[in-house]
Amino acid sequence: MFYRSMGAVPPKRHTQHRDERGGLYYEELMGEEGFSGDSSLLYHRALPPAIVDATVWELPDQSTTPNHPLRHRHLRLPELFPGDTPAATDPVTGRRLLLANADVRISYVVAEAASPLYRNAIGDELVYVESGAAVVESVFGALPVRKGDQLLMPRSTTHRWLPTGEEPVRAYVIEASSHITPPKRYLSKFGQLLENSPYCERDIHGPTEVLVAEGSDVEVLVKHRAGAEVVGTRMVYATHPFDVVGWDGCLYPFTFDIADFEPITGRVHQPPPVHQAFEATNFVICNFVPRKVDYHPQSIPVPYYHSNVDSDEIMFYCGGDYAARKGSGIAQGSVSVHPGGYAHGPQPGAYERSVGAEFFDELAVMVDTFRPLQLGEGALACEDPAYAWTWSGRGPGFG
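Heads up, the sequence shown is in this note's numbering, so the first residue is 1 and it goes up one at a time.
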């Protein structure tokens with residue numbers, strides 16, 4: 001992303017930066033891809049590595065089950081947090097795993113409580129806020145988030161969620177095993193978003209102020225890998241990690257309001273890559289937003305049937321009325337799982353009904369992976385078993 005500077009930083013990097021008493025601040029380089037990717041320099045009051053304890057943090061259930069026998073699936077996320085459950089959960093430890101492979105893990109959470117301090121040392125996180133609002137505090141400062149925001153949190157950024165307002169935070173969490181960035185085709189050779197990009201730098205919102213918190217023996221939950229396994233460690237820091245007096249660079253958390261995504265349309269139906277907002281290693285993230293649709297006089301606005309032979313397609317329906325899925329049971333809060341291996345597309349009747357349509361009022365976040373996904377405990381707990389048979393009107397337990 002583009003360069004940003006906040007708080008007190010020296011005029012020259014890697015030089016002395018002193019407090020009002022003459023003591024040195026401690027410079028920390030937070031960078032990607034060794035020393036060859038985006039980075040930021042943070043200036044701490046105390047030593048960033050100073051911990052006094054490290055113990056095991058038992059993560060929520062991370063087990064997965066293969067999608068076998070292979071079939072399309074419909075996950076009804078509202079069923080995962082019924083009744084008064086949200087009051088007892090927070091946006092980090094309350095997450096329930098839906099789908100996962102070695103490249104990405106997708107979770108869902110409904111929460112009202114403040115989260116502990118947390119750091120994902122495996123990869124970047126992109127969190128879509130379905131509803132509610134919060135302030136996300138990090139070593140980079142305070143960042144407000146609200147309904148419709150996509151929050152990108154860089155790998156190994158210590159942060160916490162503080163829900164605000166009366167409504168719980170409902171969040172769809174995409175955790176990468178890599179970095180999440182704008183698509184390369186939308187970037188100049190110097191990293192500027194190009195004129196053909198569906199969003200620009202004005203749509204990116206970073207932290208608003210540094211925090212400079214104080215404290216001792218501060219606990220931070222860290223998610224990381226031990227071999228191929230995803231595990232957790234509970235670290236206790238000698239001083240508060242939010243002791244940063246200033247920072248500058250091109251690596252920091254930011255929000256992007258999905259309403260600022262400008263759809264790309266055409267005379268005939270455009271393929272899903274025109275909806276792409278972000279990319280990562282072995283998966284992409286797309287935003288489907290309200291838009292005018294195909295304007296060829298003979299167009300069929302809903303998608304054609306397609307076999308994604310290289311991809312699993314995961315669609316989170318988070319607003320509007322998704323025309324292609326009418327009659328399937330899909331509603332707001334649903335996730336459809338269309339695995340590679342056989343065709344999928346509009347439900348019966350949707351193909352014909354779309355003829356003559358001029359506008360689709362729909363909102364969805366899609367993840368396309370290039371390796372098969374397995375089902376997490378959350379998916380198994382909220383699956384609609386009839387969905388796979390809705391194209392034929394027949395099948396085990398249908399109707």
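Cβ atoms here follow ideal geometry from the backbone N, Cα and C, with glycine treated the same way.
Strand pairing of residue i, partner residues [DSSP]
i	result
residue 144	135
residue 326	Partner(s): none; residue 326 has no beta bridge.
residue 316	335 and 365
residue 18	24
residue 359	292
residue 309	According to DSSP, residue 309 bridges with nothing at all.
residue 454	An answer regarding residue 454 cannot be provided, because it is not within the stretch 1 to 399 covered by the chain.
residue 57	232
residue 172	108 and 128
residue 159	118 and 138
residue 383	75
residue 13	Looking at the DSSP assignment, residue 13 forms no beta bridge with any residue, so it has no partner.
residue 43	27 and 246
residue 149	257
residue 68	Note: residue 68 sits in no beta bridge, so no partner.
residue 420	Residue 420 is absent from the model: the chain starts at 1 and stops at 399.
residue 376	64
Distance between residue j and residue i (C-alpha atoms, nearest Å)
i	j	result
residue 128	residue 242	24 Å
residue 50	residue 247	20 Å
residue 124	residue 6	22 Å
residue 29	residue 140	13 Å
residue 320	residue 13	48 Å
residue 224	residue 60	13 Å
residue 324	residue 65	28 Å
residue 186	residue 202	15 Å
residue 282	residue 99	15 Å
residue 391	residue 380	22 Å
residue 36	residue 88	42 Å
residue 295	residue 335	29 Å
residue 105	residue 252	21 Å
residue 358	residue 222	48 Å
residue 360	residue 326	13 Å
residue 394	residue 71	14 Å
residue 212	residue 383	45 Å
residue 385	residue 345	18 Å
residue 194	residue 271	20 Å
residue 17	residue 304	60 Å
residue 400	residue 52	Look at the range of the chain in this structure, 1 to 399, and you will see that residue 400 is not part of it.
residue 299	residue 350	14 Å
Own chain residues within Cβ distance below 8 Å of residue i, not counting five before or after
i	result
residue 147	129, 130, 131, 132 and 133
residue 215	239 and 240
residue 114	90, 160, 161, 162 and 163
residue 55	233 and 234
residue 259	148 and 289
Residues near residue i by beta carbon distance below 7 Å, same chain, minus five either side
i	result
residue 62	97 and 230
residue 86	110, 111, 112 and 168
residue 101	369, 371, 372, 373 and 374
residue 254	1, 152, 204, 205 and 206
residue 145	129, 133, 134, 136, 151 and 255
residue 19	25
residue 322	330, 362 and 364
residue 348	327 and 391
residue 387	72, 73, 74, 328 and 329
residue 170	110, 130, 131 and 132
residue 33	none
residue 181	278 and 279
Sequence-distant residues of the same chain with beta carbon closer than 6 Å to residue i, five excluded per side
i	result
residue 217	236
residue 183	276 and 279
residue 366	286 and 315
residue 8	245 and 246
residue 404	Residue coverage of the chain in this structure runs from 1 to 399, which leaves residue 404 outside it and unanswerable.
Residue i CB to nearest heavy atom of the ligand NAP below 7 Å
i	result
residue 327	No copy of the ligand NAP occurs in the structure displayed, which carries no ligand at all.
Are there three or more Cβ pairs, one per stretch, closer than 8 Å when the segment 156 to 169 is compared with the segment 105 to 125? yes
Which residue spans inside the segment 104 to 131 form an unbroken beta strand (DSSP E) run of at least 3? 104 to 111, 117 to 120 and 125 to 131
Does the segment 196 to 212 touch the segment 305 to 313, meaning 3 or more C-beta pairs lie closer than 8 Å? no
Going residue by residue through the segment 235 to 302, where are the continuous alpha helix (DSSP H) segments of at least 4 residues, counting only ones entirely within it? none
Does the count of Cβ pairs from the segment 273 to 282 and the segment 181 to 199 closer than 8 Å reach three? yes
For the segment 319 to 337 against the segment 75 to 89, are there 3 or more C-beta pairs whose distance is under 8 Å? yes
Tell me, please, whether the segment 338 to 357 touches the segment 370 to 390 by the rule of three or more beta-carbon pairs shorter than 8 Å. yes
3 or more residues per run - each beta strand (DSSP E) lying fully within the segment 196 to 238: 216 to 226
Could you tell me whether the segment 160 to 178 touches the segment 81 to 95, using the rule of 3 or more Cβ pairs below 8 Å? yes
Under 8 Å, with one C-beta from each stretch per pair, do the segment 34 to 41 and the segment 342 to 356 reach the 3-pair mark? no
Would you check if the segment 283 to 302 and the segment 261 to 274 touch, i.e. whether three or more CB-CB distances between them fall below 8 Å? yes
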